[in-house]
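S.K.: Sequences listed follow chains A and B, in order. FYI, the numbering for the first sequence is 1 to 255, going by the numbering used here. FYI, the numbering for the second sequence is 1001 to 1218, going by the numbering used here.
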Amino acid sequence: MRLFRLTFATILQRKSWAICAFAVLVLPFALPMISSATEKPILLQPARILAAWGTLWVSTLLWGLFTAAREGETNAKTGVGEYFQTTGTSATRQLFEIWLAVFSFVAPLALITAAISQFAAAPSDPVERSMWLVLNLQYTALFLLVIAPLLAFATAIASRFGGITGFTVTLFITLYGLYGIGYLDNMLKLEANPILHGVWLFSPHYNFADLTQRLYFKTGALPTNAFWSMTVYFAGILAVYVGLSRLCFRTKLSA
Amino acid sequence: MMMSKQAPSIHLDPGLEIGYGSPLARFGQEVTLTGGTHFLLARNGRGKTTLLRTLAKTLKPLAGNFRVEGFVQYLPEDLRFDPEITPAMIFRMLLPKNKLADALELAGRIELDVKKPYGRLSTGNRRKTNLIMAEFSVKPDTGNILLLDEPFSGLDAFARQAFEEIWKKSSDNVLRLVSCHPDYDSMEMPSAVMIEGQNARHFTGEGQTWSGLKNLMN
Chain A
1 MRLFRLTFAT ILQRKSWAIC AFAVLVLPFA LPMISSATEK PILLQPARIL AAWGTLWVST
61 LLWGLFTAAR EGETNAKTGV GEYFQTTGTS ATRQLFEIWL AVFSFVAPLA LITAAISQFA
121 AAPSDPVERS MWLVLNLQYT ALFLLVIAPL LAFATAIASR FGGITGFTVT LFITLYGLYG
181 IGYLDNMLKL EANPILHGVW LFSPHYNFAD LTQRLYFKTG ALPTNAFWSM TVYFAGILAV
241 YVGLSRLCFR TKLSA
Chain B
1001 MMMSKQAPSI HLDPGLEIGY GSPLARFGQE VTLTGGTHFL LARNGRGKTT LLRTLAKTLK
1061 PLAGNFRVEG FVQYLPEDLR FDPEITPAMI FRMLLPKNKL ADALELAGRI ELDVKKPYGR
1121 LSTGNRRKTN LIMAEFSVKP DTGNILLLDE PFSGLDAFAR QAFEEIWKKS SDNVLRLVSC
1181 HPDYDSMEMP SAVMIEGQNA RHFTGEGQTW SGLKNLMN
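1) Contact criterion: CB-CB distance below 7 Å. Does R1093(B) meet it with respect to chain A?
2) Let me check understanding here. Comparing Cα to Cα, which of R1067(B), G1124(B), R1026(B) and Q1029(B) lies closest to H1011(B)?
3) As an exercise, report each continuous beta strand (DSSP E) stretch of at least 3 residues that is fully enclosed by the region 1069-1116 of chain B, in chain order.
4) Tell me which same chain residues have a C-beta within less than 6 Å of the C-beta of G177(A), skipping the five on either side of it?
5) For T1058(B), return the contacting residues in chain A, with the cut-off set at a CB-CB distance below 7 Å.
6) May I ask you to list, following chain order, the residues of the region 1180-1201 of chain B that have a beta carbon less than 9 Å from some beta carbon of chain A?
7) Report buried or exposed for E73(A), applying the criterion of at least 16 other Cβ atoms within 10 angstroms of its Cβ.
8) Is there a Cβ from chain A that is less than 7 Å from the Cβ of Q1126(B)?
9) Should G1021(B) go down as buried or exposed, given a rule of 16 or more other Cβ atoms within 10 Å for buried?
10) Just the C-alpha distance for I1110(B) and F103(A), rounded to the nearest angstrom, thanks.
11) Given a threshold of 16 other Cβ atoms within 10 Å of its Cβ, counted over all protein chains shown, does I1132(B) qualify as buried or as exposed?
12) Going along the chain, which residues of its own chain have a beta-carbon closer than 7 Å to the beta-carbon of K1116(B), five neighbours each way excluded?
13) Which residues in chain A sit within 7 Å of I1085(B), going by Cβ to Cβ distance?
14) Leaving out the 5 sequence neighbours to the left and right, which residues in its chain are closer than 6 Å to Y1118(B) when beta-carbon positions are compared?
15) Out of R1176(B), Q1208(B) and P1023(B), state which residue places its alpha-carbon closest to the alpha-carbon of E1188(B).
16) If you pair each beta-carbon of the region 1068-1080 of chain B with each one of the region 1190-1206 of chain B, do three or more pairs fall below 8 Å?
17) Assign V26(A) to buried or exposed, taking buried as 16 or more other Cβ atoms, counted over all protein chains shown, within 10 Å of its Cβ.
18) Strictly by DSSP, which residues pair up with G1036(B)?
19) Work out the CA separation of I112(A) and A1088(B) for me, nearest whole Å.
20) Going residue by residue through the region 57-127 of chain A, where are the continuous beta strand (DSSP E) segments of at least 3 residues, counting only ones entirely within it?
21) Which residues in chain A sit within 7 Å of P1076(B), going by Cβ to Cβ distance?
22) So with CB distances below 8 Å, who are the chain B contacts of R5(A)?
23) Tell me whether M1001(B) is buried or exposed, calling it buried when 16 or more other Cβ atoms sit within 10 Å of its Cβ.
24) Which residues does DSSP pair with I1145(B) in a beta bridge?
25) Can you pull the chain A residues whose beta carbon is under 7 Å from the beta carbon of D1082(B), in chain order?
26) Look at the alpha carbon of L1146(B) and the alpha carbon of L1175(B), and state the distance between them as a whole number of angstroms.
27) What are the boundary residues of the beta strand (DSSP E) that L1024(B) is part of?
28) In chain B, what lies closer than 8 Å to R2(A) by C-beta?
29) Below 8 Å on the Cβ atoms is my guess for E71(A) versus T251(A); work out the distance and round it to an integer in Å.
30) Taking its Cβ as the centre, do 16 or more other Cβ atoms sit within 10 Å of D1149(B), making it buried, or is it exposed?
31) How close, in whole Å, do the beta carbons of G1036(B) and I1018(B) come, if the pair is a contact with beta carbons under 8 Å?
32) Return the residue from the list G182(A), P108(A), F153(A) and M187(A) that minimises the CA-CA distance to L244(A).
33) Runs of 4 residues minimum, wholly inside the region 185-246 of chain A: which ones carry the alpha helix (DSSP H) assignment?
34) Any contact between the region 83-101 of chain A and the region 145-161 of chain A? By contact I mean 3 or more CB pairs, one from each, below 8 Å.
35) Below 8 Å on the Cβ atoms is my guess for M230(A) versus L142(A); work out the distance and round it to an integer in Å.
36) Using alpha carbons as the reference points, say which of F4(A), K189(A) and A239(A) lies closest to Q94(A).
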């Protein structure tokens, strides 16, 4: 795990992770203070939920994907990937170790957010509160399941096409899966189109993993069947991205 | 799994051809290299890096076969770490714990500031960092092969001497193939692989020096 340790230390040394950690820890408490929640205390809890999970998504999409892409690019461009390859660390192993290093920073951010959501934004009603833990766990699991393969994909694309490409492609895919798919859905409701329907069908429906509104409106935990269906669906997407990432990843620039 | 202790070796079969698409060099005779230091000599663009990459198996030969026995490390000439990480962190992350103190001691002796960010080090000091990393990553329980691409460029004479001393002490279980452009005539080269024109050959002999070999290069 030498490449993991090196990548982890590199990210740690750059310190930009501290901004994300600070944002994830502080913004859920600071942002509601400058919103209308100060006048209506009843809005404080939902405002905190929006701020907490919103900050997590923004931090992960901007910093997480960028860091993953940067690590993939530098590994291929600086000779580090080639060095490790000659020592017997295969391309698959290198991709895994780089991914693990980046994920080791992203996963705690998700756990902090879930903890804030659980302990600092839980509803007072006992019935609503009883479902809160399950919903938070479901959200955290789905979030990590969505983000994990995207980090690997950003690393892989960046190793072949450069850091900017790796970052923008994965950012676009995620934003499309979170928000674009909703617009596509609305268009299909207005007018049936077989081509658009095909695009919709094969698009990653990341909006299913965004349970912020469920927390916000206190609609309770996902039914077990629905949660497992989503887990299998996102695991399928993960498998596709793992395959694509491995195909795309390279340890050195072409000669 | 424990690797059994073995002597490192490189066997190049006659007919081995290296290059990118078109051949850069061809070995007409069999070459066998064992533990110790071997120099790789050629003019610019004649295939030194290509041969090292081929032996490191990051590049396929155009024709022929070769065998490499031992734990390989190929240190590219342009290897560089993240500019913000320090040599001390690099050593801590990449070297076995029992070698860390020795690595830091050598770094101090050759005046490498291990607390300075890598990006702010001079070319020579970056080279020292890379070399220390590779030298102290050598595995004691098996044969090792270090393929070093231009390790001396930018390195001061004192540091170079320090590394050459390490090389002498570990010549039994480490085979080093070192590409370089020698800078003084009396440099001893008991074993040298030379690429002249498109032919690659192995020259050996006690007392063989750069002054005798350079006349063979065209």
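Quick reminder that beta carbons are idealized off the backbone N, C-alpha and C, glycines included.
M.R.: On the basis of the coordinates in this document:
1) In the second sequence, counting from the first residue as 1, residue 1093(B) sits at position 93. Sequence check: residue 1093(B) is Met here, not Arg. Output row for M1093(B): interface = yes.
2) If you number the second sequence from 1, residue 1011(B) lands on position 11. Closest option to H1011(B), Cα to Cα, is R1067(B).
3) 1071-1075
4) Sequence index remark: in the first sequence, residue 177(A) carries index 177 (1-based). Same-chain partners within the cutoff: P204 and Y206.
5) By 1-based counting over the second sequence, the position of residue 1058(B) is 58. Residues of chain A whose Cβ lies closer than 7 Å to the Cβ of T1058(B) are, in chain order, E82, Q85, T86 and K252.
6) none
7) Translated into the one-based positions of the first sequence, residue 73(A) becomes position 73. So E73(A) counts as buried.
8) On the second sequence, position 126 is the one that residue 1126(B) refers to. Just to set this straight, residue 1126(B) is Arg in the shown sequence, not Gln. It does not: the Cβ of R1126(B) has no partner Cβ on chain A nearer than 7 Å.
9) The count along the second sequence starts at 1 and reaches residue 1021(B) at position 21. Exposed, by the Cβ-count rule.
10) Reading the second sequence from its first residue, position 110 is the one you call residue 1110(B). Reading the first sequence from its first residue, position 103 is the one you call residue 103(A). Their Cα atoms are separated by approximately 37 Å.
11) Position 132 of the second sequence holds residue 1132(B). Under this definition I1132(B) is a buried residue.
12) Counting from 1 along the second sequence, the entry for residue 1116(B) is found at position 116. Excluding positions up to five away in sequence, the list reads T1086.
13) Here residue 1085(B) refers to the residue found at position 85 when the second sequence is read from its first residue. Under the 7 Å cutoff, chain A gives A9, T10 and Q13.
14) To locate residue 1118(B), count along the second sequence from 1; it is residue 118. Excluding sequence neighbours, Y1118(B) sits near F1081, P1083 and I1085.
15) If you number the second sequence from 1, residue 1188(B) lands on position 188. Per the Cα distances, Q1208(B).
16) By the Cβ rule, the region 1068-1080 of chain B does not count as touching the region 1190-1206 of chain B, because fewer than three pairs are nearer than 8 Å.
17) Counted from its first residue, the first sequence places residue 26(A) at position 26. Per the 10 Å Cβ criterion, exposed.
18) Here residue 1036(B) refers to the residue found at position 36 when the second sequence is read from its first residue. Partner(s): L1175(B).
19) Translated into positions along the second sequence, residue 1088(B) becomes position 88. Translated into positions along the first sequence, residue 112(A) becomes position 112. Taking the straight line from one Cα to the other gives about 31 Å.
20) Uninterrupted beta strand (DSSP E) stretches at least 3 residues long and entirely within the region 57-127 of chain A do not occur.
21) Taking the first residue of the second sequence as 1, we reach residue 1076(B) at position 76. Simply G79, E82 and Y83.
22) Counted from its first residue, the first sequence places residue 5(A) at position 5. Neighbours of R5(A) on chain B, chain order: M1093 and L1094.
23) Taking the first residue of the second sequence as position 1, residue 1001(B) is located at position 1. Bear in mind that the predicted position of M1001(B) carries a pLDDT of just 42, short of 50, making it too unreliable to give a figure here.
24) Within the second sequence, residue 1145(B) is the residue found at index 145, counting from 1. I1145(B) pairs with V1072(B) and L1175(B).
25) The residue labelled residue 1082(B) in the question sits at position 82 within the second sequence. Result: T10 and T74.
26) What you label residue 1146(B) is simply residue 146 of the second sequence in a count that begins at 1. What you label residue 1175(B) is simply residue 175 of the second sequence in a count that begins at 1. Straight-line Cα distance between these residues: approximately 6 Å.
27) As a position in the second sequence, residue 1024(B) is number 24, starting the count at 1. Element bounds for L1024(B): S1022 to F1027.
28) In the first sequence, the residue the question calls residue 2(A) occupies position 2. Here the neighbours are M1093 and L1094.
29) If you number the first sequence from 1, residue 71(A) lands on position 71. If you number the first sequence from 1, residue 251(A) lands on position 251. With 8 Å as the limit, E71(A) and T251(A) do not qualify as a contact, their Cβ atoms being about 13 Å apart.
30) If you number the second sequence from 1, residue 1149(B) lands on position 149. Classification of D1149(B): buried, given that the 10 Å Cβ count is 16 or more.
31) Here the question's residue 1036(B) lines up with position 36 in the second sequence. Here the question's residue 1018(B) lines up with position 18 in the second sequence. That belief does not hold up - the Cβ atoms of G1036(B) and I1018(B) are roughly 22 Å apart, past 8 Å.
32) As a first step, residue 244(A) must be located in the first sequence, where it is residue number 244. If we check each option's Cα against that of L244(A), F153(A) comes out closest.
33) As far as the region 185-246 of chain A is concerned, its whole alpha helix (DSSP H) runs of at least 4 residues are 194-201 and 212-216.
34) Contact check between the region 83-101 of chain A and the region 145-161 of chain A: three or more CB pairs, one atom from each, fall below 8 Å, which counts as touching.
35) Walking along the first sequence from the start, residue 230(A) turns up at place 230. Walking along the first sequence from the start, residue 142(A) turns up at place 142. In this structure M230(A) is in contact with L142(A), their Cβ atoms being roughly 6 Å apart against a cut-off of 8 Å.
36) The sequence position of residue 94(A) within the first sequence is 94, counting from 1. That would be F4(A), whose Cα lies nearest to the Cα of Q94(A).
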